[in-house]
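Quick note: the sequence shown uses this note's numbering, first residue 1, plus one each step. Where is the CB? At the ideal position from N, CA and C, for every residue including glycine. Everything numeric in this text was worked out from a predicted model, so none of it was measured.
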Amino acid sequence: MKILYCDVNIFVMRKKISVIFGVAASIIFLSGCSPQTINNNNPETVLKNFDKDIENGDFKDAVKLLNPDIVSSRGGIWAERWVKLNAYNVKSITIKDISILGGTAHATVEITYKDGKTQKNAIDLIKNNGTWYISPSFSFKEGK
Numbered sequence: 001m002k003i004l005y006c007d008v009n010i011f012v013m014r015k016k017i018s019v020i021f022g023v024a025a026s027i028i029f030l031s032g033c034s035p036q037t038i039n040n041n042n043p044e045t046v047l048k049n050f051d052k053d054i055e056n057g058d059f060k061d062a063v064k065l066l067n068p069d070i071v072s073s074r075g076g077i078w079a080e081r082w083v084k085l086n087a088y089n090v091k092s093i094t095i096k097d098i099s100i101l102g103g104t105a106h107a108t109v110e111i112t113y114k115d116g117k118t119q120k121n122a123i124d125l126i127k128n129n130g131t132w133y134i135s136p137s138f139s140f141k142e143g144k
């Protein structure tokens, strides 16, 4: 009888440990989420994160800032390629003006290229399920 009692306690202990490790793994996984995908609460934050991502070459993180409806309809490969093409030769993005009207925003930015040239550009953003995203409908290419 005593052995059976020990086996039951070991089983209960294993179950508790499994639950604890499961919860810990979930917390670690969720805390690893990029803050920019969680904190897209205003267009300026989204644009600053996009600038930081392309400056650092973090193209996958930059894709997370694009409108997910467009990314899902055109595909993740398209989205990453779009980011890389537009980030090519870009040194920085400076926000000049942002106007918000309901669930859309229009930003005027100045693109500084690696060769020192600058160019003004417009970026549209959209609020999707309470989160702001960049609408990939612009080009940072020089002379465009």
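- Message: Would N128 and N67 be called neighbours here (beta carbons separated by less than 8 Å)?
- Response: Between N128 and N67, the CB-CB gap stays under 8 Å.
- Query: Nearest to N121 by CA position, among V90, D61, I77, N42, is which residue?
  - Reply: Relative to N121, the option among V90, D61, I77, N42 whose CA is nearest is V90.
- Taking the runs of the alpha helix (DSSP H) that are 4 residues or longer, which of them lie wholly in the segment 43 to 76? Taking only runs of at least 4 residues, the alpha helix (DSSP H) segments lying wholly in the segment 43 to 76 are 43 to 56, 59 to 63, 68 to 74.
- Query: Taking the C-alpha atoms as reference points, what is the distance between E44 and S73?
  - Reply: Straight-line Cα distance between these residues: approximately 25 Å.
- Note down, in chain order, each residue of its chain lying with its Cβ closer than 6 Å to the Cβ of K84, except the 5 sequence neighbours on either side. Contacts found: F59.
- Item | Helix, strand or coil at L84 [DSSP, three-state] | According to the sequence shown, residue 84 is Lys rather than Leu. K84: helix per DSSP, three-state reduction.
- Message: Judging by CA-CA distance, which residue of N49, A62, D51 is the nearest neighbour of W78?
- Response: Measuring from the Cα of W78, the nearest candidate turns out to be A62.
- Item | Own chain partners of W82 with C-beta closer than 6 Å, once the 5 adjacent residues on each side are dropped | Within the same chain, Cβ atoms closer than 6 Å to the Cβ of W82 are found at P136, the five residues on either side in sequence being excluded.
- Message: Considering just the uninterrupted stretch of the beta strand (DSSP E) at N128, what are its terminal residues?
- Response: In this chain, the beta strand (DSSP E) harbouring N128 covers 118 to 128.
- Measure from the alpha carbon of I54 to the alpha carbon of each residue in T94, T108, T104, then state which is nearest. Closest option to I54, judged by alpha-carbon separation, among T94, T108, T104: T94.
- Check the C-beta distance from D97 over to T108 and give it rounded, since I have them as a contact under 8 Å. Cβ atoms of D97 and T108 come within 8 Å of each other, at about 4 Å.
- Item | DSSP bridge partner residues for D115 (one or two, in chain order) | Partner(s): none; D115 has no beta bridge.
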